[in-house]
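**Student:** Okay, here's the structure, questions in a sec.
Protein chains: 2
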Amino acid sequence: MTALSIGQVAERTGLSVHTLRMYEREGLFTTEVHRNPKNRRVYGQADLDWLEVCTKLRASGMPLEVIRRFVDLVRKGPGNEAERLELLRAHQCRIERKMAELNDCLDLIAGKVETYQRHVEAGTATDLWTGIGPPG
Amino acid sequence: MTALSIGQVAERTGLSVHTLRMYEREGLFTTEVHRNPKNRRVYGQADLDWLEVCTKLRASGMPLEVIRRFVDLVRKGPGNEAERLELLRAHQCRIERKMAELNDCLDLIAGKVETYQRHVEAGTATDLWTGIGPPG
DNA sequence: GTATTTCCTAGACCACGGTCTAGGTCAACG
DNA sequence: CGTTGACCTAGACCGTGGTCTAGGAAATAC
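What follows is the structure in structure tokens.
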């Protein structure tokens, strides 16, 4: 059975101890973080599992406040799964849109990169004006 | 020949007039923004073109400071294309990494969504514990 | 002639997500 | 013993990227 200090959790999640405490203050744990008799935080496997999910949600751009909403639903216990589902699905959509957007940006940038590359290879002879060239 | 007011540019770029002025202050235009005799900003097609690129760079997470670095290179004129290229390529990589990351997140979330969906369809009978289930 | 709109500058303000400090407890090391 | 290190709380601080306000000018609309 896992029982980790905040420092250890920081180490293996990549979050700082500050951030971990902050997340707790902000109600971002699905479960109260346990304390030992000395009042030190003790994290279990469930916490690690959740933090993994949590960091993925963050990494994909979910604001802390939305995570908190999700957490609140979880804490309320069974019965609101539809709401949780909706929340996740909304986020899924946002990610998908974001990826489409990034793809778009990537296209444009890849174009510019190619242009520049040909240029640089050709000996930096000509100017590329804005260095970007007219969009096309 | 295009000649737009800041309001018009705001309208067609989606940036606010505040933001446009801020970008200018921050040196994010490859070219000085023209002024009419009344000291009003007058934007040309080149500005629009650049703003389009610029917003894509922003949308893909390039910090203003990096955009400024790029702009500085452009303003210095021909001769530093290799540097510009490097900058763009670095960003390209970051986007690619980000997309990979998002894909990862999407996988996880899609999994959760599916689980929840089955659950909700099945009549919200069972609890899903953290509503997320053990990661697997 | 006054009211509205659009613009101008300079600078304050804001949200977000951390990050760090001060001041303190406790255990272990040498 | 003293000091080092991990932890505790409460709360200040920070970077980023806007967003808005105050105070003013000029044109347009009524």
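Those protein sequence lines, which keep their order, are chains A and B. Per UniProt numbering, residue 1 is the first one in the first sequence, and the count goes up by one each step. Per UniProt numbering, residue 1 is the first one in the second sequence, and the count goes up by one each step. From the three backbone atoms N, C-alpha and C, an ideal C-beta is built for every residue, glycine too.
Do residue 140 of chain B and A/Val113 have their C-beta atoms within less than 9 Å of each other?
**Tutor:** With chain B represented from 1 up to 136, any question about residue 140 of chain B goes unanswered, as that position is not in the structure.
**Student:** I want to verify the contact list: residues of chain B whose CB lies under 7 Å from the CB of A/Arg68, in sequence order.
**Tutor:** Residue mapping note: residue 68 of chain A aligns to position 68 of the first sequence, counting from 1. In chain order: nothing, as chain B lies at least about 14 Å away.
**Student:** Please list, in chain order, the residues of the segment 38-69 of chain A that have any C-beta partner in chain B closer than 8 Å.
**Tutor:** Ala46, Asp49, Trp50, Glu52, Val53, Lys56, Leu57, Ala59 and Ser60
**Student:** So is A/Glu81 in contact with chain B if we call contact Cβ pairs under 9 Å?
**Tutor:** Translated into positions along the first sequence, residue 81 of chain A becomes position 81. Output row for A/Glu81: interface = yes.
**Student:** Say whether chain A places a C-beta atom closer than 9 Å to the C-beta of B/Met99.
**Tutor:** As a first step, residue 99 of chain B must be located in the second sequence, where it is residue number 99. Output row for B/Met99: interface = yes.
**Student:** Determine contact between the segment 36-44 of chain B and the segment 53-68 of chain B, defined as no fewer than three beta-carbon pairs at a distance below 8 Å.
**Tutor:** no
**Student:** Please report the distance separating the alpha-carbon of B/Val66 from that of A/Glu101.
**Tutor:** The count along the second sequence starts at 1 and reaches residue 66 of chain B at position 66. The count along the first sequence starts at 1 and reaches residue 101 of chain A at position 101. C-alpha separation (whole angstroms): 20 Å.
**Student:** What does the alpha-carbon distance come out to for the pair residue 137 of chain B and A/Ser16?
**Tutor:** Outside the displayed span of chain B (1 to 136) sits residue 137 of chain B, for which this structure offers no information.
**Student:** Quick check on A/Val42: does DSSP put it in helix, strand or coil?
**Tutor:** Counted from its first residue, the first sequence places residue 42 of chain A at position 42. Note: A/Val42 maps to strand in three-state DSSP.
**Student:** Could you name the residues of the same chain whose beta carbon sits closer than 8 Å to that of B/Phe29, not counting the 5 residues immediately before and after it, in chain order?
**Tutor:** Numbered from its first residue, the second sequence carries residue 29 of chain B at position 29. Taken in chain order, the residues that qualify are Tyr23, Asp47, Trp50 and Val71.
**Student:** For the UniProt domain "HTH merR-type" (3-73) of chain B, list the alpha helix (DSSP H) runs that are entirely contained and at least 4 residues long, ordered along the chain.
**Tutor:** 6-13, 17-25 and 45-59
**Student:** Looking at the unbroken alpha helix (DSSP H) that takes in B/Asn80, where does it start and where does it end?
**Tutor:** As a position in the second sequence, residue 80 of chain B is number 80, starting the count at 1. Where B/Asn80 is concerned, there is no enclosing alpha helix (DSSP H), given that its DSSP letter is neither H nor E.
**Student:** How many angstroms separate the CA atom of B/Gln92 from the CA atom of A/Ile109?
**Tutor:** Here residue 92 of chain B corresponds to residue number 92 of the second sequence, with the count starting at 1. Here residue 109 of chain A corresponds to residue number 109 of the first sequence, with the count starting at 1. The straight-line gap from Cα to Cα measures roughly 7 Å.
**Student:** Distance check for A/Val9 and A/Arg21, CA to CA, integer angstroms please.
**Tutor:** On the first sequence, residue 21 of chain A is found 21 positions in, with the first residue counted as 1. On the first sequence, residue 9 of chain A is found 9 positions in, with the first residue counted as 1. In a straight line, the C-alpha of A/Arg21 is about 11 Å away from that of A/Val9.
**Student:** Name the chain A residues whose beta carbon is nearer than 7 Å to that of B/Val120?
**Tutor:** Sequence index remark: in the second sequence, residue 120 of chain B carries index 120 (1-based). The contacting residues are Glu81, Ala82 and Leu85.
**Student:** Quick check on B/Met1: does DSSP put it in helix, strand or coil?
**Tutor:** The sequence position of residue 1 of chain B within the second sequence is 1, counting from 1. Three-state result, B/Met1: coil.
**Student:** Among A/Ala90, A/Asp104 and A/Gly123, which one has its Cα closest to the Cα of B/Asn80?
**Tutor:** Taking the first residue of the second sequence as 1, we reach residue 80 of chain B at position 80. For B/Asn80, the nearest C-alpha among the options comes from A/Gly123.
**Student:** Return yes when the Cβ of B/Gln45 is within less than 9 Å of the Cβ of B/Thr2, no when it is not.
**Tutor:** Sequence index remark: in the second sequence, residue 2 of chain B carries index 2 (1-based). Sequence index remark: in the second sequence, residue 45 of chain B carries index 45 (1-based). Yes, Cβ-Cβ distance for B/Thr2 and B/Gln45 is below 9 Å.
**Student:** Leaving aside the five residues before and after B/His34 along the sequence, list all residues of the same chain whose C-beta is less than 6 Å from its C-beta, in chain order.
**Tutor:** As a position in the second sequence, residue 34 of chain B is number 34, starting the count at 1. So the list reads Val42, once near-sequence residues are dropped.
**Student:** Which residues of chain A have a Cβ atom closer than 7 Å to the Cβ of B/Leu102, listed in chain order?
**Tutor:** Looking up residue 102 of chain B in the second sequence gives position 102. By Cβ distance, chain A contributes Ser60, Ile95, Lys98 and Met99.
**Student:** Taking 9 Å as the CB-CB limit, is B/Ile109 close to chain A?
**Tutor:** Numbered from 1 along the second sequence, position 109 holds the residue referred to as residue 109 of chain B. Taking Cβ atoms only, chain A reaches closer than 9 Å to B/Ile109, which makes this a yes.
**Student:** Kindly indicate which three-state DSSP category A/Ala90 falls into: helix, strand or coil?
**Tutor:** For the purposes of this step, residue 90 of chain A is taken as the residue at position 90 of the first sequence. The DSSP-derived three-state label of A/Ala90 is helix.
**Student:** In or out: B/His119 buried (at least 16 other Cβ within 10 Å) or exposed?
**Tutor:** Taking the first residue of the second sequence as position 1, residue 119 of chain B is located at position 119. Burial call: buried.
**Student:** CA-CA distance, A/Glu121 and B/Ile95?
**Tutor:** On the first sequence, position 121 is the one that residue 121 of chain A refers to. On the second sequence, position 95 is the one that residue 95 of chain B refers to. Per the coordinates, the alpha-carbon of A/Glu121 lies some 24 Å from the alpha-carbon of B/Ile95.
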